[in-house]
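**Student:** Position 345, counted from 1, in the sequence shown is what our numbering calls 357; the numbers after and before it change by one each time, with no gaps.
The structure follows.
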Amino acid sequence: MSSQPFQAAYDSLHNLGTLLVQFLQNLRAKQVAPEEDRSSLQDLELEIQQALAALKEQRYQVAVIAAMKAGKSTFLNALIGADVLASETESCTVCRTEIKAIAPGEIPYLLEYRENERHPVTLAQGDSHLIRQQFLQRTHWIRTTGNRDRTTRFELYHPILALTPYTALNGFTLVDTPGPNEWRDTTLDTLSLRETTFEALRNCDVILFILDYSSFKESTNSELLRQLTQERGEFLNRSQRAIYFILNKIDRKTEEDRPIAHVIDDLRRSLQEFGIDNPIVYPASAWQGLLAKLIQNDTATDIHLKDFKRFFSGRYAQETPNGDLILPSPKKLAHQALKDSLIPNIERSILSDIVRNSGWNLLRDITARLDRSAHAVEDILNTRIKGWSMEIKPLRQKMEAYKRLAKNAIVQIRGVKRLVEDQEQKLVEQFRWQITDFATRAKLAIQQEFELFVQYRFSDFNPYASPEPQDQPEDGATPDLVNFSVPQKLADSFKKVVRNFVVEDAEDPYVIQCQSEAEVEQVKADINRFCSLLIKDWWTNTQDQLSRHGTQIRRELVDEMQRNIQHISDELSEYLGDALQISMNINPIQMLIFDFQGIDTQVQRQTENYSRWTREKKTALCRDYEVDIQVDDHRSYYEIDLRQTIEAIQREIDAQTRGSLIVVERVIKQQVGEDFAVVEKQINDYINRFLLEFERLVKERETREAQVDQILAFLELQKQGLDRYLVKLSELQRLLDSWRSPSV
């Protein structure tokens with residue numbers, strides 16, 4: 013399914029939903045006692061309006077990640093069609109930046125969100141050049157001050173040229189994520205940066221990995237690929253159809269260089285070595301594409317025009333019979349230059365991937381929601397027609413029988429809720445075990461690293477020597493520490509720094525002697541930095557795994573809720589059909605994508621709630637780490653006992669683990685409760701809908717018996733009108749099914 017038919021289906025679905033809302037409004041207005049329809053028809057009207065709002069507000073995220081100097085900002089500018097993001101030799105992405113599409117003609121603006129502040133700060137609006145300058149200045153300030161203001165993200169609202177024809181993609185967002193250069197920046201909260209990147213990768217629809225044509229084999233790219241494949245391999249295997257590797261800056265190829273196709277083959281082989289099968293690689297010249305778009309749209313500055321003439325115009329020079337070269341104007345060359353930049357190919361592929369997957373799923377779910385609402389209206393009309401066609405006495409009898417069945421259904425719902433609460437507790441215990449296991453392994457890994465240091469203290473220090481193998485504990489196997497490795501550079505740095513304070517004739521290898529308070533503070537800072545970086549790094553990977561695992565478990569639990577509640581709903585439908593001798597539709601219990609809030613949002617919300625509750629910094633989820641190291645003052649020198657330090661570190665890990673357990677338990681209880689509330693509301697609405705219908709029918713039969721023929725004629729006419737909408741919904745469902753079968 014391409015973007016054009018997706019837009020057409022989107023428009024058809026939106027129009028059909030709008031017509032259904034109007035139909036329900038007219039139906040209520042034409043009733044003799046419309047106020048009595050509020051709790052049934054009006055609820056269905058609201059349900060349709062909520063689905064239409066979800067259709068309009070659905071977000072489509074494209075995450076962009078790259079090492080420094082790969083041309084990420086220029087590439088994003090090329091997609092946007094404006095030179096609005098600054099690009100420098102220094103990495104500019106100090107935190108998550110979301111570029112949200114707005115309609116052409118709307119005024120662009122830049123917002124900054126800060127921790128513990130409810131409302132964003134407007135940094136700039138209007139001219140792209142002004143936004144660029146303010147954005148760059150703010151980025152420099154954040155880097156210089158170590159993010160003193162606790163900025164969490166930026167949001168840039170700007171038209172995105174490629175989306176101009178497609179109002180169906182109003183929720184399109186480009187997510188500029190921090191790369192490995194920022195992860196290593198000691199002036200920034202590297203934990204938050206990595207969390208930001210991994211969260212974006214979990215929740216995006218498409219991933220764009222930008223690589224520099226001339227340096228795609230550099231270590232920073234290898235580091236990022238290793239992170240993605242080793243720790244997120246399952247995610248990549250599930251999502252490979254939506255991961256693009258962009259070989260940028262192909263305009264730098266010279267005549268002597270090998271063909272681009274050979275470079276792409278080399279890149280594919282490199283990616284396959286990282287376990288990425290059949291990688292999708294697109295060559296591109298983002299700089300050429302950006303300049304061409306600016307020239308086409310008459311927004312190029314003199315500098316842009318000079319750059320285009322200097323770097324690209326010569327490729328399109330035309331030679332006369334006399335050997336003279338004629339250089340067409342940039343305006344005449346812009347169309348072909350944009351095509352040759354290959355940016356349009358990437359844009360088409362991105363949009364195609366979005367509409368084929370997330371877009372198709374959204375249309376399917378919105379169609380399913382409208383279909384359920386429309387069939388619910390049909391059931392109401394059929395019930396009213398049958399209720400006005402039978403005698404009052406049997407109608408009362410059927411009402412009383414339904415009341416008894418409804419009470420039994422409510423009892424069954426409570427039983428399902430108890431089962432869900434049991435499952436909830438099992439989930440809590442499972443995640444408790446996983447987090448406690450993390451703490452146990454982290455403490456053991458830290459202790460082992462300190463033991464290695466003690467081994468090295470009285471040997472000739474060789475940073476490349478392999479340590480002696482450690483004896484395994486007698487009480488069981490050592491936990492798997494694959495994800496708890498210590499980077500060699502960090503370990504060597506720690507050993508070298510602390511080794512400066514080793515006393516040659518010291519008898520106790522666990523004791524470090526310092527001659528001054530300044531030396532003590534240096535050792536304490538080095539130990540805390542060493543442990544902090546390790547624990548934060550390990551926890552970031554563990555939290556990422558828990559989030560992905562938690563989402564999968566949550567989906568399974570939601571499916572179980574739906575099955576149990578659906579069984580109760582089906583029993584009610586079967587009774588109503590048999591009792592009234594009408595064809596009752598199945599009332600599908602749905603949990604659609606716009607009902608399914610991400611688990612990351614809950615973690616963030618509950619972490620903030622916990623932090624406010626404790627009135628401390630964010631110590632939950634191992635965000636901040638510092639241990640109070642005991643120092644013994646011997647007047648002439650100071651001693652730090654590493655055994656006591658290890659114990660203090662382990663106590664700190666335990667304390668932060670308790671905070672993490674509080675957050676995780678709250679997240680699980682909140683999420684499971686909200687999920688059950690969604691399905692519970694659907695069955696309760698169904699039960700109450702027909703309780704009210706029976707009561708309404710009995711009441712009106714007693715007061716309006718003389719109008720039976722008139723009322724039946726009106727109801728039959730309304731049913732015929734509804735049938736036309738049901739046919740259109742059915743046609744739309746078949747159309748969606750013909751485009752693509754649901755992905756498993």
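Ideal Cβ placement from N, Cα and C applies to all residues, glycine included.
All figures in this text were calculated on a predicted structure; none of them were measured in a lab.
Could you give the DSSP three-state label for K415: helix, strand or coil?
**Tutor:** Counting from one through the sequence shown, the residue named residue 415 turns up at place 403. Of the three classes helix, strand and coil, the one that applies to K415 here is helix, per DSSP.
**Student:** Among the residues of its own chain, which have a CB less than 6 Å from the CB of A346, if the five just before and after it don't count?
**Tutor:** Your numbering for residue 346 matches position 334 in the sequence shown. For A346, where only same-chain residues beyond five positions count, the Cβ hits under 6 Å are A304, I307, Q308.
**Student:** With three or more beta-carbon pairs closer than 8 Å as the criterion, would you say the segment 310–326 touches the segment 371–381?
**Tutor:** Because the criterion of three Cβ pairs below 8 Å is not met, the segment 310–326 and the segment 371–381 do not touch.
**Student:** On the premise that E124 lies in contact with T163, defined as a C-beta separation below 8 Å, what is that separation, rounded to the nearest angstrom?
**Tutor:** Taking the sequence shown and counting its residues from 1, one reaches residue 163 at position 151. Taking the sequence shown and counting its residues from 1, one reaches residue 124 at position 112. Contact flag correct, Cβ pair sits at about 6 Å.
**Student:** Shortest alpha-carbon distance to L741 belongs to which of L375, T715, P291, I77?
**Tutor:** Translated into the one-based positions of the sequence shown, residue 741 becomes position 729. For the residues L375, T715, P291, I77, the minimum Cα distance to L741 belongs to L375.
**Student:** Rounded to the nearest angstrom, how far is the Cβ of A413 from that of L32, given a contact under 8 Å?
**Tutor:** As a first step, residue 413 must be located in the sequence shown, where it is residue number 401. As a first step, residue 32 must be located in the sequence shown, where it is residue number 20. 32 Å between Cβ atoms; not a contact.
**Student:** Between the C-alpha atoms of A477 and Q656, what's the straight-line distance to the nearest angstrom?
**Tutor:** Here the question's residue 477 lines up with position 465 in the sequence shown. Here the question's residue 656 lines up with position 644 in the sequence shown. For A477, the predicted model reports a pLDDT of 43, less than 50, meaning its position is unreliable; a value from the coordinates is still stated below. A477 and Q656: Cα-Cα distance of roughly 27 Å.
**Student:** Where does C543 sit, in a helix, a strand or coil, going by DSSP?
**Tutor:** Here residue 543 refers to the residue found at position 531 of the sequence shown. Reduced to three states, the DSSP call for C543 is helix.
**Student:** Hey, would you say F184 sits closer than 9 Å to K112, going by beta carbons?
**Tutor:** Within the sequence shown, the letter at position 172 stands for residue 184. Within the sequence shown, the letter at position 100 stands for residue 112. Contact: yes.
**Student:** By the DSSP assignment, the alpha helix (DSSP H) with F35 in it spans what residues?
**Tutor:** Residue numbering aside, residue 35 sits at position 23 when the sequence shown is read from its first letter. Where F35 is concerned, the enclosing alpha helix (DSSP H) stretches over 15–42.
**Student:** For the 8 Å Cβ check, are there 3 or more pairs between the segment 712–727 and the segment 64–72?
**Tutor:** No, because fewer than three Cβ pairs between the segment 712–727 and the segment 64–72 fall closer than 8 Å, the two stretches do not touch.
**Student:** Are the CB atoms of A296 and I262 within a distance shorter than 9 Å?
**Tutor:** Along the sequence shown, one-based indexing puts residue 262 at 250. Along the sequence shown, one-based indexing puts residue 296 at 284. For I262 and A296, yes; Cβs fall inside 9 Å.
**Student:** According to DSSP, L58 sits in a beta bridge with which residue or residues?
**Tutor:** For this step, residue 58 is matched to residue 46 along the sequence shown. Looking at the DSSP assignment, L58 forms no beta bridge with any residue, so it has no partner.
**Student:** May I ask you to report which of helix, strand or coil DSSP gives T109?
**Tutor:** In the sequence shown, the residue the question calls residue 109 occupies position 97. T109: strand per DSSP, three-state reduction.
**Student:** Is T490 helix, strand or coil by DSSP?
**Tutor:** As a position in the sequence shown, residue 490 is number 478, starting the count at 1. Low confidence applies here, because T490 scores a pLDDT of 36, under 50, leaving its location unreliable; read the following figure in that light. Coil at T490, not helix or strand.
**Student:** Looking only at C-alpha atoms, which of L175, Q745, I658 sits nearest to F465?
**Tutor:** For the purposes of this step, residue 465 is taken as residue 453 along the sequence shown, with counting starting at 1. For F465, the nearest C-alpha among the options comes from I658.
**Student:** Compare the C-alpha of I601 against each of D687, V679, E664 and name the closest.
**Tutor:** Here residue 601 corresponds to residue number 589 of the sequence shown, with the count starting at 1. Among D687, V679, E664, the Cα nearest to that of I601 is on D687.
**Student:** I'd like to check one pair, L181 with T109: are the Cβ atoms closer than 9 Å?
**Tutor:** The residue given as residue 109 occupies position 97 in the sequence shown. The residue given as residue 181 occupies position 169 in the sequence shown. Cβ atoms of T109 and L181: not closer than 9 Å.
**Student:** Fully enclosed by the segment 111–168, which beta strand (DSSP E) runs are 3 residues long or longer?
**Tutor:** Here the runs fully enclosed are 121–126, 133–137.
**Student:** Can you give me the C-alpha to C-alpha distance between G671 and Q62, rounded to a whole angstrom?
**Tutor:** Here residue 671 corresponds to residue number 659 of the sequence shown, with the count starting at 1. Here residue 62 corresponds to residue number 50 of the sequence shown, with the count starting at 1. Rounded to the nearest angstrom, the two C-alpha atoms are 37 Å apart.
**Student:** Label S528 either buried or exposed according to how many other C-beta atoms from any shown protein chain fall within 10 Å of its C-beta, with 16 as the threshold for buried.
**Tutor:** Numbered from its first residue, the sequence shown carries residue 528 at position 516. S528 should be labelled exposed.
**Student:** Between the alpha carbons of L354 and S361, how many angstroms are there, rounded?
**Tutor:** The count along the sequence shown starts at 1 and reaches residue 354 at position 342. The count along the sequence shown starts at 1 and reaches residue 361 at position 349. Cα to Cα, L354 sits roughly 11 Å from S361.
**Student:** What do you get for A115, buried or exposed, if any count of 16 or more other CB atoms within 10 angstroms of its CB means buried?
**Tutor:** For the purposes of this step, residue 115 is taken as the residue at position 103 of the sequence shown. That one is exposed.
**Student:** The alpha helix (DSSP H) spanning Y698 covers which residue range?
**Tutor:** On the sequence shown, position 686 is the one that residue 698 refers to. Segment 654–715, the alpha helix (DSSP H) holding Y698.
**Student:** Once you ignore the five residues that flank Y825 on each side, which residues in its own chain have a CB closer than 7 Å to its CB?
**Tutor:** Nothing in the structure corresponds to residue 825, since the chain is present only between 13 and 756.
**Student:** Mind checking whether K681 and V440 have CB atoms under 9 Å apart?
**Tutor:** Taking the first residue of the sequence shown as position 1, residue 681 is located at position 669. Taking the first residue of the sequence shown as position 1, residue 440 is located at position 428. Result yes, Cβ atoms of K681 and V440 sit closer than 9 Å.
**Student:** Under 8 Å: do the segment 566–581 and the segment 418–425 share three or more Cβ pairs, one atom per stretch?
**Tutor:** With a cut-off of 8 Å, the segment 418–425 and the segment 566–581 count as touching, because enough Cβ pairs lie within range.
**Student:** Do H26 and L67 come within 9 Å of each other at the CB atom, strictly closer than that value?
**Tutor:** Within the sequence shown, residue 67 is the residue found at index 55, counting from 1. Within the sequence shown, residue 26 is the residue found at index 14, counting from 1. In this structure, H26 lies closer than 9 Å to L67 by Cβ.
**Student:** Taking its Cβ as the centre, do 16 or more other Cβ atoms sit within 10 Å of G301, making it buried, or is it exposed?
**Tutor:** Numbered from its first residue, the sequence shown carries residue 301 at position 289. The residue in question, G301, is buried, as its Cβ has 16 or more Cβ neighbours within 10 Å.
**Student:** Counting C-beta neighbours from all protein chains within 10 Å, is the total for Q730 16 or more, i.e. buried, or is it exposed?
**Tutor:** Position 718 of the sequence shown, counting from 1, holds the residue named residue 730. Buried, because 16 or more other Cβ atoms sit within 10 Å of the Cβ of Q730.
**Student:** If you check the beta carbons only, do D188 and V275 fall under 9 Å apart?
**Tutor:** The residue you call residue 188 lines up with position 176 of the sequence shown. The residue you call residue 275 lines up with position 263 of the sequence shown. Result no, Cβ atoms of D188 and V275 do not sit closer than 9 Å.
**Student:** Of all the alpha helix (DSSP H) runs that stay within the bounds of the segment 238–325, which reach a length of 4 or more residues?
**Tutor:** Within the segment 238–325, the complete alpha helix (DSSP H) runs of at least 4 residues are 245–251, 272–285, 298–308, 314–323.
**Student:** Since R144 contacts A98 with CB under 8 Å, what's their CB separation in whole angstroms?
**Tutor:** Within the sequence shown, the letter at position 132 stands for residue 144. Within the sequence shown, the letter at position 86 stands for residue 98. About 5 Å separates the two Cβ atoms, so the contact holds.
**Student:** Confirm, please, whether the CB-CB distance from A667 to I547 is below 9 Å.
**Tutor:** Walking along the sequence shown from the start, residue 547 turns up at place 535. Walking along the sequence shown from the start, residue 667 turns up at place 655. Going by C-beta atoms, I547 is not nearer than 9 Å to A667.
**Student:** Given this structure, state the Cα-to-Cα distance separating S24 from D55, to the nearest angstrom.
**Tutor:** Numbered from 1 along the sequence shown, position 12 holds the residue referred to as residue 24. Numbered from 1 along the sequence shown, position 43 holds the residue referred to as residue 55. Looking at the two C-alpha atoms, the distance is approximately 23 Å.
**Student:** Between F221 and A349, which are expected to be in contact by the criterion C-beta below 8 Å, what is the C-beta distance as a whole number of angstroms?
**Tutor:** Taking the sequence shown and counting its residues from 1, the one referred to as residue 221 is at position 209. Taking the sequence shown and counting its residues from 1, the one referred to as residue 349 is at position 337. Rounded, the Cβ-Cβ distance is 25 Å, inconsistent with contact.
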